[in-house]
Structures are given as C-alpha cells and as structure tokens.
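Engineer:
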Amino acid sequence: MPLPEISVATARDRLAGANPPRLIDVREAGEFAFAHIAGAELLPLSQWPAIAAEKLTDPAQPLLLLCHHGMRSGQATAFLMQSGFADVTNIAGGIAAWSEEIDPSVPRY
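Note that the sequence shown covers residues 1047 to 1155 in the numbering used here.
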C-alpha cells in the first residue's frame, strides 16, 4: 500500500484549517533546535517505538509527519499505519521543502 503523502502547500492549508492535525517532527533534537515549524512536536525517530507509544495514544487523531526531506517521516508514517493509525500523512520534501516553498525564514541545512 502506498504511503499517504501531501505537499508542503497542502500541509500548510491543513494546519491552518479549523481542525488542524497534530504536526509531528521525527528529526533529532539538534535538527529541531536549528529549524522547525511553529507548533510541531518533536518525536525523534531514533526513540521510536517507545516515544510514539507514549505520546501518540489516539489512533483516530489526524497526524502530519515530517523530517528533513521526507524519508524518516515516511518510515514513521508506515510504522503508524501498521500500528492501526487511520489518518496519518507524510509531508513530501520535509522541512527543506517547507523552507523553500512556504516559509523562507525557516533555516535550511
């Protein structure tokens, strides 16, 4: 089954909507400290599955996941789908695409 994936523009629109999804950033703490999207929650992929089990307790809650370019968040998306999460979506291009296309004030690395 292909992973659900959206563009950064669609992610921006969903996050600005009336019922925004949770935005989960799966990069490492140093990456997050350097550059992140306001409102994002840091759940480093290196700490999964323990941190996911602790922090993501509602499999019906809509989630958007991102990382640097979309690879790690794709892995996290697949893990959550296999764990029964119904509404989880990877953000294609990650924070790099967000910085390039949505908010150039977000530092690039």
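Using N, Cα and C, we set each Cβ at its ideal position, and we do this for glycine too. Everything numeric in this text was worked out from a predicted model, so none of it was measured.
If we count the other Cβ atoms within 10 Å of its Cβ and call it buried at 16 or more, is G1139 buried or exposed?
Structural biologist: For this step, residue 1139 is matched to residue 93 along the sequence shown. The residue in question, G1139, is buried, as its Cβ has 16 or more Cβ neighbours within 10 Å.
Engineer: Secondary structure at V1152, three-state DSSP: helix, strand or coil?
Structural biologist: By one-based count along the sequence shown, residue 1152 stands at place 106. Three-state DSSP puts V1152 in coil, outside helix and strand.
Engineer: Which residue wins for smallest C-alpha separation from A1057, given the options I1141, Q1107 and G1076?
Structural biologist: Within the sequence shown, the letter at position 11 stands for residue 1057. That would be I1141, whose Cα lies nearest to the Cα of A1057.
Engineer: Please report the distance separating the alpha-carbon of A1167 from that of L1061.
Structural biologist: Because the chain spans 1047 through 1155 in this model, residue 1167 falls outside it and cannot be assessed.
Engineer: Use the C-beta contact count for Q1103: other C-beta atoms within 10 angstroms, 16 or more gives buried, fewer gives exposed.
Structural biologist: On the sequence shown, position 57 is the one that residue 1103 refers to. Checking the displayed sequence, the identity of residue 1103 turns out to be Thr instead of Gln. With fewer than 16 Cβ atoms within 10 Å of its Cβ, T1103 is classed as exposed.
Engineer: Give, in chain order, every unbroken run of the beta strand (DSSP E) that is at least 3 residues long and sits entirely within the stretch 1049 to 1090.
Structural biologist: List check, beta strand (DSSP E) in window: 1068 to 1071.
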